[in-house]
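Asker:
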Amino acid sequence: MSFDLLATAFVELLTPSVFLYLAIGVALGTAIGALPGLSATMGVALITPITFWLDKTDGFAMLMGLWNAAIFAGGITAILINTPGTPASLTQAWDGYPMYKEGKGGLALGINVVFSFIGGIISTLLLILLASPIAKVTIKFGPAEYALVALFGMTMMIAVSNGKVVKGLMLGFLGLMLSTVGLDPISGLQRYTFGNMSLQSGISFIPVMIGISGLAEVFHQMYEYNKEKADAEREARKVNLSLGRVLPSREEMKKWSPRCIITGIVATIIGAIPAAGGDISAIICWGNSKRFSKEGDKYGHGSAEGLAVSATANNGVIGGAMCTMLTLGIPGDAVTAVLLGSLMMYGLTPGHAMFAENAGFTAQIMVLMVLANLAFLVIGLATAKVSAKFLNMSQPVVWAAVSVLCIVGSYCINNSFVDVIVMFVMAILGFFLKVYDFPSGPLILGLLLGGTVEKNMRTALVISQGDWSYFVTRPISIVLIVMIVLTFLFPVFQELRKKKAKTAEAEA
Amino acid sequence: MIKKGDTIPGIFSIFIGAFALIHNILHPKMNIFAEPARGGVGPGFIPFICAVALIVFGIILVVRGIKQNGRVDYFQMTPEKKKNLKNVAFLAGLIALVLIAWKVSTIFYVCLPIYCFVLNKFVLKQSTKFSVIFTAVMTAFIYGLFTIAFTIRFMP
């Protein structure tokens, strides 16, 4: 990505509407992140339908603002009520909450904002530096490679299964099956449409996402609701402990920054690995930092350094996840899965085309990420103490608002009533999936990438006149096949190793 | 006892897989294979693989559920959870009714306030005052943002 292109993108983004939507996105993201039970994925899924009615740049300004802010704001609940707003904020609760109890809540909130910003900026800079060279490799990609890259993305359904491999694979295949609804990409035959015209174009991804991560979450939270416990938590939140100063001192910044720069780089690399999200990044970075730090024994007991590392790792994955999404079309996490769906709905194809035909817009996305980080730094610091007030909103109010937005949002994407039905059916399915302890990630991956796998696989087979060896005679394809096989075999080896260790332990 | 564990999701998976498989077999054009000039695989290839996989994984889950013999219980029903489940069913039923009413009447801005009020007052047990305020604010927000600003007409 050349400097000229980025400079042009920056100048093009200097419009009041971009700043307005960016600010709205950051404000919404901060509120969503600070409200227990709402996640960045849910926020992005609910807001995406609105962005389709805006100019492409304005829409992405809002999405980038919301995403970046929601990830940092997940740390607010972790610090103030010991409840991580997102799974990635888990380690922030370990250090942030003890700091809050010691009367250093303001400093903890400040560290969360400042080091989330540092993580986000490092990650975005690496995205700017690395995305273009990776995209250049994709010039050599044909249908066989694209099919295999998408298949590689789908193999991540094992990784996102959280150890429930059979359940994950079952849902992955269900998602793949749902992706075949509509017109066959090669012959144009209608599949599973049952004469319904609205299903000819297939099942839209965004309503599915809204159903599973929005309304299903409301259903599940209602099911798990314990009024006495919720009331007790609300009362506990009303106790105003002293928050103290917000900004870290210059010495503190100097002391923590080198460690956090390394953390930012590591987090970006972890973020670029499909399915390895902020939670994995935060735990790996926090764990390693604890091991190598002089004050490692303080980690988990209110260490400001530990909190700084966690906050950096949390937002550091965003650039990495975007890199994989923009260059290879594989979602790095659930939010990039929704963004990938949005890009496709805008008619944009990730890969080399994003950096050749739509280079201007791609540069704008990258600059928007930098601006989003700056915006949440300013808004986050200014509202650090006020943000605690959000936590007092009761869950039933949030459920009511989210359920309305799910219905309206799913309709707005295509002005389609069928999309609302799809969202509703997926919400009911999603609720039972949560109750029966199924991971929903594989279903999303299967639905999102299934179409790409089938279309490219069959195009490659048409080119090769039905010869399957076409997939193993191209160098890049071979590398991808090896990666796919390793991804499948890794959990098996891991399981075998665990069994061996258990047997050895039992014998001992 | 077997209904407590993984058996029911397993049966669900087998049912979907079998349905897709039968649909494939009965459909005259959903061929699994095609002539080499058309790539060798037909429009039924991926659905066939998925259907078979769903049946296989479904069987694994059913067997696992039987082996669990009631030890794993996903629906552990305390009196509070029973009440919560009723509320979830009430909300799902309310949404279904609102969607039907929207489809039949085609007037979204009548269905929306009714949904907001009933949801708050009877499902979430909020006060009448709060329910009325929420209904008014939410309806005005949706109307202002979606219908005035984005010109969406909400026609089913």
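Residue numbers (numbering that gives the first Met the number 0), protein chains in the order written: chain A, 0 to 507; chain B, 0 to 155. The C-beta atom is built at its ideal place from N, Cα and C for all residues, glycine as well.
Do A/T14 and A/G118 have their C-beta atoms closer together than 9 Å?
Answerer: Within the first sequence, numbered from 1, the residue matching residue 14 of chain A stands at position 15. Within the first sequence, numbered from 1, the residue matching residue 118 of chain A stands at position 119. Their beta carbons are not under 9 Å apart, which means A/T14 does not touch A/G118 by this criterion.
Asker: The alpha helix (DSSP H) with B/I48 in it runs from where to where?
Answerer: Walking along the second sequence from the start, residue 48 of chain B turns up at place 49. Segment 44-67, the alpha helix (DSSP H) holding B/I48.
Asker: Helix, strand or coil: how does DSSP classify A/V401 here?
Answerer: Here residue 401 of chain A refers to the residue found at position 402 of the first sequence. Correct three-state label for A/V401: helix.
Asker: Suppose you measure from the CA of B/F164 to the CA of B/A139; what does that come to, to the nearest Å?
Answerer: Because chain B spans 0 through 155 in this model, residue 164 of chain B falls outside it and cannot be assessed.
Asker: Quick one: which unbroken alpha helix (DSSP H) runs of 4-plus residues sit fully inside the segment 344-421 of chain A? Chain order, please.
Answerer: Listed in chain order, the complete alpha helix (DSSP H) runs (minimum 4 residues) inside the segment 344-421 of chain A are 351-355, 358-381, 394-411.
Asker: Return the residue from the list A/I209, A/L128, A/N372, A/Y222 that minimises the CA-CA distance to B/Q75.
Answerer: Indexing the second sequence from 1 puts residue 75 of chain B at position 76. Ranking A/I209, A/L128, A/N372, A/Y222 by Cα distance to B/Q75 puts A/Y222 first.
Asker: Considering just the uninterrupted stretch of the alpha helix (DSSP H) at B/F18, what are its terminal residues?
Answerer: Sequence index remark: in the second sequence, residue 18 of chain B carries index 19 (1-based). Element bounds for B/F18: 6-25.
Asker: Pull up the CB-CB distance for B/C49 and A/L175, whole angstroms please, since I reckon it's below 8 Å.
Answerer: Against the second sequence, residue 49 of chain B aligns to sequence position 50. Against the first sequence, residue 175 of chain A aligns to sequence position 176. Contact flag correct, Cβ pair sits at about 5 Å.
Asker: Name, in chain order, the residues that DSSP records as bridge partners for B/F32.
Answerer: Stepping through the second sequence from its first residue, residue 32 of chain B is reached at position 33. Note: B/F32 sits in a beta bridge opposite B/V40.
Asker: Look at A/Q464 and A/Y224 and say whether their C-beta atoms are less than 9 Å apart.
Answerer: Start at 1 with the first residue of the first sequence, and residue 464 of chain A comes out as number 465. Start at 1 with the first residue of the first sequence, and residue 224 of chain A comes out as number 225. It is not a contact, given that the beta carbons lie outside the stated cut-off.
Asker: For A/G331, name the three-state secondary structure that DSSP assigns.
Answerer: Here residue 331 of chain A refers to the residue found at position 332 of the first sequence. Three-state DSSP puts A/G331 in coil, outside helix and strand.
Asker: List the residues of chain A that B/F157 touches, going by C-beta distances under 7 Å, in chain order.
Answerer: Coverage of chain B is limited to positions 0 through 155, which leaves residue 157 of chain B absent and any answer about it impossible.
Asker: Can you have a look at A/H300 and say buried or exposed, based on whether 16 or more other CB atoms are within 10 angstroms of its CB?
Answerer: Numbered from 1 along the first sequence, position 301 holds the residue referred to as residue 300 of chain A. Under this definition A/H300 is an exposed residue.
Asker: What does B/M29 reach in chain A if we use C-beta pairs closer than 8 Å?
Answerer: For the purposes of this step, residue 29 of chain B is identified with residue 30 of the second sequence, where counting begins at 1. Under the 8 Å cutoff, chain A gives L188, R190.
Asker: What residues from the segment 101-129 of chain B come within 9 Å of chain A, judged by C-beta to C-beta, listed N to C?
Answerer: Against chain A - using a Cβ distance shorter than 9 Å - the residues of the segment 101-129 of chain B are W101, K102, F107, L111, Y114, C115, L118, N119, V122, L123, K124, Q125, F129.
Asker: How would you list, in chain order, the residues of chain A whose beta-carbon sits under 7 Å from the beta-carbon of B/G39?
Answerer: What you label residue 39 of chain B is simply residue 40 of the second sequence in a count that begins at 1. In chain order: L460, G465.
Asker: At a CB-CB cut-off below 9 Å, which residues of chain A make contact with B/N68?
Answerer: In the second sequence, residue 68 of chain B corresponds to position 69, counting from 1. Within 9 Å Cβ-Cβ: nothing; B/N68 doesn't reach chain A, min ~17 Å.
Asker: Report the neighbours of A/E453 on chain B: residues whose CB is nearer than 9 Å to its CB, in chain order.
Answerer: As a working mapping, residue 453 of chain A is identified with position 454 in the first sequence. Correct list: F44, I45.
Asker: Taking one C-beta from the segment 97-105 of chain B and one from the segment 367-379 of chain A each time, how about it: are there three or more such pairs within less than 8 Å?
Answerer: The segment 97-105 of chain B is not in contact with the segment 367-379 of chain A.
Asker: Would A/V245 and A/A383 be called neighbours here (beta carbons separated by less than 9 Å)?
Answerer: Stepping through the first sequence from its first residue, residue 245 of chain A is reached at position 246. Stepping through the first sequence from its first residue, residue 383 of chain A is reached at position 384. For A/V245 and A/A383, yes; Cβs fall inside 9 Å.
Asker: With a threshold of 9 Å between beta carbons, is B/A17 in contact with chain A?
Answerer: Numbered from its first residue, the second sequence carries residue 17 of chain B at position 18. Chain A, which has no Cβ nearer than 9 Å to the Cβ of B/A17, makes this no.
Asker: For A/R473, which residues does DSSP report across the bridge?
Answerer: For the purposes of this step, residue 473 of chain A is identified with residue 474 of the first sequence, where counting begins at 1. The partner list for A/R473 (beta bridge, DSSP) is empty, contrary to what the question assumes.
Asker: Using a C-beta to C-beta distance shorter than 7 Å, which residues of chain A count as neighbours of B/F20?
Answerer: In the second sequence, residue 20 of chain B corresponds to position 21, counting from 1. Contrary to the premise, residue 20 of chain B reads as Leu rather than Phe in this sequence. Result: empty, since nearest Cβ-Cβ is about 11 Å, beyond 7 Å.
Asker: Does the beta carbon of B/A91 sit closer than 9 Å to a beta carbon anywhere in chain A?
Answerer: On the second sequence, residue 91 of chain B is found 92 positions in, with the first residue counted as 1. Yes, contact with chain A.
Asker: Could you pull out every residue in the same chain whose Cβ sits closer than 6 Å to the Cβ of A/I120, ignoring the five residues on either side in sequence?
Answerer: To locate residue 120 of chain A, count along the first sequence from 1; it is residue 121. Counting only Cβ-Cβ distances below 6 Å, and skipping sequence neighbours, we find N372.
Asker: Starting from A/V25 and walking both ways along the alpha helix (DSSP H), at which residues does that stretch end?
Answerer: Sequence index remark: in the first sequence, residue 25 of chain A carries index 26 (1-based). Unbroken alpha helix (DSSP H) run through A/V25: 15-33.
Asker: Which residues, taken in chain order from the segment 406-420 of chain A, show a beta carbon closer than 8 Å to some beta carbon of chain B?
Answerer: Flagged, chain order: I406, V407, Y410, C411, N414, F416, V419, I420.
Asker: Quick one: measure Cβ to Cβ for A/P206 and A/I31, integer angstroms, because I've assumed they're closer than 8 Å.
Answerer: In the first sequence, counting from the first residue as 1, residue 206 of chain A sits at position 207. In the first sequence, counting from the first residue as 1, residue 31 of chain A sits at position 32. Actually they are not in contact, since the Cβ atoms of A/P206 and A/I31 sit about 19 Å apart, beyond 8 Å.
Asker: Within its chain, find whatever has a CB closer than 7 Å to the CB of A/L37; leave out the 5 residues flanking it on each side and keep chain order.
Answerer: Here the question's residue 37 of chain A lines up with position 38 in the first sequence. I31, V397, listed in sequence order.
Asker: I want to see whether chain E comes within less than 9 Å of B/V61, judged by CB atoms only; does it?
Answerer: In summary, chain E is missing from the structure at hand, where the protein chains are A and B.
Asker: So A/A281 and A/T76 are in contact, right, with Cβ under 8 Å, and what is the actual spacing, rounded?
Answerer: The count along the first sequence starts at 1 and reaches residue 281 of chain A at position 282. The count along the first sequence starts at 1 and reaches residue 76 of chain A at position 77. Not a contact, Cβ separation roughly 15 Å.
Asker: Output, in chain order, the set of chain B residues within a Cβ distance shorter than 8 Å of A/D436.
Answerer: For the purposes of this step, residue 436 of chain A is taken as residue 437 along the first sequence, with counting starting at 1. Correct list: Y73.
Asker: Please report the straight-line C-alpha distance between A/G568 and A/T348, rounded to a whole angstrom.
Answerer: Residue 568 of chain A falls outside the range modelled here, since chain A spans only 0 to 507, and no answer is possible.
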